[in-house]
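Undergrad:
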């Protein structure tokens, strides 16, 4: 059962005396020095009596030393194979999940369900995990239960078995999965002893290798070796087991806490997903959620070279945000920093964004913990106003200090900027197709609502014409993936996720009513709810399907992540305006965020964003003395395909203010004319780099070869050569079966 409140503190204090590192260190050195003290007393005793027989003593001591050295050597060896990919034979049990066991065989469920055993020494870690989404990842999660039931039913009808649903189980259902119960089509998803286990303590801490960063549970897990009497129900033997662990915890720590647990690659095994052909019978590979690559490519990780913003200090892994330190008296608590004199552990509650699950379990206090974690992750800025309601209209910005006066009957475009702040991955991540994130914009005058986008209907459904910050996923018939049905996923209609340290611009077109008697106030909010009303009715109202009237009102909590308000004076209306202080955002940053949002509007085909408007914004940034202006102007040119014909002079941004990435001023791409003037090396298609003597390494060639023309050039281009089989594969994919 769960330790909570006073009980949790009581559990923690039971191990406090042995859990303090200083006391453990004192006990350890007392243990080491006491034999030496005993030997010294023995020598004093013998010197006072008959003469010591040194030869016999040294022979005995040498024999003991050899035995001890042998035991130490054996103790240092571990027969288990860690950091090794499990055998391929296990694929017949676990594919299409990429998970493997160290032996290729199943692991007994009892071994993976030792959570209360862990609680005895790690009460605070257990308390956090018990209420976490990880604990409720399996069939104890009603939304997941509904989804996986359909996936198993579809797979059984289509394939004759439920093996396709293994793709889910490698991350969501490790206990029934690795114990072999999951493959049974008649497996009781609600009442089986393993059905409510979730991701247990042992499931995570028994992983011995991250096989790759491909995701889809690509890890190797072992059946851990325990101290004697771990599973004993005898109180005396159980007590002896605990004392053995506390007397020599190194083996226990080595077994359950490995360096891989401190890496982002460990999290990637389940927080990076691709949908294989076995699941949707479409492609061999289709991208799903991907928090890992998004993190690595961001400025937050310290690896991303294309970010618009960088934090003062990079995060080495996911734990920095999602497992913050918390004070604890657990046996494993320690001082994490030399200046930190508070015993701490990493928080195992994993605060993030799933406010739905804790709400469904009636834990309003935990809803607030997730809501608090979301605060400060984004900001919203009512930035500007464009005349005539068009994107090329006259822009008045930034609002505050500018306060333009609206003309009754005239149409305008309100420019709203969303910007990710402290996120290390895209917003939103995870189940981006079912996360309901939208902008609620309301125009009010004298208490009268004259315009609304993003309001709620009678059953809590969001205005379908609102601006959503999510992914709209489709099946092969063009229907929305609206019930977490991965077996039907084909392609996104749109993807409105925002990259870390990036921005998005939302345009609101409105006409000022001619009969206003007061100023016009815009109240704009970025709202978050875990599941929309359609999916809520799917998993909460048995038998309901989309198209029928809603049976239930969506009462899942709505969290306001960011908000902004602005009041416009109206011509002919004589009324005081409220005080509107300027936002606490640097002026250059407001312009830069606006430009980034315009630059990123559309990224494929003819959707090239609003580049003319982005250019104007970045020119303002440059005028304010920031290097971001010239750099982002170069990004605009690159997206337009406007590369200079000559090698540019050192960028002016080197003389601008503010810290900048080391790559500012580097050459992004050699223009063709410049490359054609490079000295030849005597080999076709190979050129010398002007700054490095000698030929370029083998294979490092330019995309084009200036000496070739017409059909000869086309035949030698590996990109064009590979197009024919690609076209044929595309035709086969679309051909009717």
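Residue numbers (the numbering used here): 438 to 1174.
In this text, a Cβ means the ideal position worked out from N, Cα and C, and glycines have one as well.
These figures come from a predicted structure and were not determined experimentally.
Considering residue 783, what are the terminal residues of the beta strand (DSSP E) in which it resides?
TA: Residue 783 -> beta strand (DSSP E) spans 781-783.
Undergrad: Which residue comes first and which comes last in the beta strand (DSSP E) that contains residue 830?
TA: Neither: residue 830 is in no beta strand (DSSP E) and is coded neither H nor E.
Undergrad: Is it the case that the region 789-805 contacts the region 829-838, given that we only count it when at least three CB pairs across the two stretches are under 8 Å?
TA: As far as the Cβ criterion goes, the region 829-838 does not touch the region 789-805, which means the pair count is below three.
Undergrad: Using CA atoms only, rank isn't needed, just tell me which of 1045, 1061, 611 is closest to residue 1074.
TA: Residue 1045 is the option with its Cα nearest to residue 1074.
Undergrad: Taking three-plus beta-carbon pairs below 8 Å as touching, is the region 692-705 in contact with the region 724-737?
TA: Contact holds: three or more Cβ-Cβ distances are below 8 Å.
Undergrad: Would you check if the distance between the CB atom of residue 1055 and the CB atom of residue 1032 is smaller than 9 Å?
TA: For residue 1055 and residue 1032, yes; Cβs fall inside 9 Å.
Undergrad: Give every residue of the same chain whose Cβ lies closer than 7 Å to the Cβ of residue 1191, excluding the five residues on either side of it in the sequence, and list them in chain order.
TA: This structure cannot settle anything about residue 1191, because the visible part of the chain is limited to 438 through 1174.
Undergrad: Which of the three DSSP states is assigned to residue 971 in this structure?
TA: Residue state, collapsed to three classes: helix.
Undergrad: Since I believe residue 960 is in contact with residue 1002 (beta carbons under 8 Å), could you give me their beta-carbon distance rounded to a whole number of angstroms?
TA: That belief holds up - the Cβ atoms of residue 1002 and residue 960 are roughly 5 Å apart, short of 8 Å.
Undergrad: In three-state terms, what does DSSP make of residue 869?
TA: Reduced to three states, the DSSP call for residue 869 is coil.
Undergrad: Measure the alpha-carbon distance for residue 866 versus residue 726 and round it to whole angstroms.
TA: Taking the straight line from one Cα to the other gives about 7 Å.
Undergrad: Using the beta-carbon count (16 or more within 10 Å), is residue 553 buried or exposed?
TA: By the 10 Å Cβ count, residue 553 comes out exposed.
Undergrad: Note down, in chain order, each residue of its chain lying with its Cβ closer than 6 Å to the Cβ of residue 693, except the 5 sequence neighbours on either side.
TA: If we look at residue 693 and ignore the five residues flanking it on each side, its Cβ neighbours are 642.
Undergrad: DSSP state of residue 659, grouped into three classes?
TA: Residue state, collapsed to three classes: coil.
Undergrad: In terms of residues, what are the limits of the beta strand (DSSP E) holding residue 815?
TA: Counting along the chain, the beta strand (DSSP E) containing residue 815 begins and ends at 815-824.
Undergrad: Inspect the beta-carbon positions of residue 604 and residue 533 and report whether they are closer than 9 Å.
TA: In contact: residue 604 and residue 533 (Cβ atoms closer than 9 Å).
Undergrad: When DSSP labels each residue in this structure, what does residue 682 get in the three-state scheme?
TA: The answer is helix: DSSP assigns residue 682 an H, G or I state.
Undergrad: Could you check if residue 616 is buried or exposed, using at least 16 other CB atoms within 10 Å of its CB as the buried criterion?
TA: Label assigned to residue 616: buried.
Undergrad: CA-CA distance, residue 738 and residue 861?
TA: Residue 738 and residue 861: Cα-Cα distance of roughly 7 Å.
Undergrad: Spatial neighbours of residue 411 within its chain, please: C-beta separation below 6 Å, excluding the five flanking residues on both sides.
TA: Because the chain is modelled from 438 through 1174, residue 411 falls outside the range shown and cannot be assessed.
Undergrad: If I follow the unbroken beta strand (DSSP E) through residue 1017, where does it start and stop?
TA: Here residue 1017 belongs to no beta strand (DSSP E), and DSSP marks it neither H nor E.
Undergrad: Would you kindly work out how many angstroms separate the C-alpha atoms of residue 591 and residue 901, rounded to a whole number?
TA: In a straight line, the C-alpha of residue 591 is about 29 Å away from that of residue 901.
Undergrad: Going residue by residue through the region 569-615, where are the continuous alpha helix (DSSP H) segments of at least 4 residues, counting only ones entirely within it?
TA: Counting whole runs of 4 or more residues, the region 569-615 contains the alpha helix (DSSP H) stretches 579-596, 603-609, 611-615.
Undergrad: Three or more C-beta pairs closer than 8 Å, one from the region 1005-1020 and one from the region 1051-1067: is that the case here?
TA: Cβ pair count under 8 Å is below three, so no.
Undergrad: Which ranges does the alpha helix (DSSP H) cover as unbroken runs of at least 4 residues, wholly within the region 725-764, from first to last along the chain?
TA: Counting only runs of 4 or more, we get 728-733, 756-759.
Undergrad: What's the C-alpha gap between residue 1020 and residue 837?
TA: Answer to the nearest angstrom: the Cα atoms are 7 Å apart.
Undergrad: So for residue 901, helix, strand or coil by DSSP?
TA: In this structure, residue 901 counts as coil in the three-state DSSP scheme.
Undergrad: Please name the residue in 528, 878, 784 whose C-alpha comes closest to that of residue 806.
TA: The candidate whose alpha carbon is nearest that of residue 806 is 784.
Undergrad: Compute the distance between the beta-carbons of residue 1050 and residue 997, then report whether it is under 9 Å.
TA: Taking 9 Å as the Cβ cut-off, residue 1050 and residue 997 do not qualify as a contacting pair.
Undergrad: Would you check if the distance between the CB atom of residue 942 and the CB atom of residue 844 is smaller than 9 Å?
TA: No; because the gap between Cβ atoms is not below 9 Å, this pair is not in contact.
Undergrad: Rounded to the nearest angstrom, what separates residue 686 and residue 465 at their Cα positions?
TA: Whole-angstrom Cα-Cα distance: 12 Å.
Undergrad: What is the DSSP secondary structure of residue 944, reduced to helix, strand or coil?
TA: Three-state DSSP puts residue 944 in a strand.
Undergrad: Are three or more beta carbon pairs between the region 704-715 and the region 666-676 nearer than 8 Å?
TA: Flag = no, the region 704-715 and the region 666-676 do not touch.
Undergrad: Could you compute how far the alpha carbon of residue 925 sits from the alpha carbon of residue 919?
TA: Roughly 10 Å between the two C-alpha positions.
Undergrad: What three-state label does DSSP hand residue 1049 in the structure shown?
TA: Helix.
Undergrad: Quick check on residue 895: buried or exposed, where buried means 16 or more other Cβ atoms within 10 Å of its Cβ?
TA: Looking at its Cβ environment, which holds fewer than 16 other Cβ atoms inside 10 Å, residue 895 is exposed.
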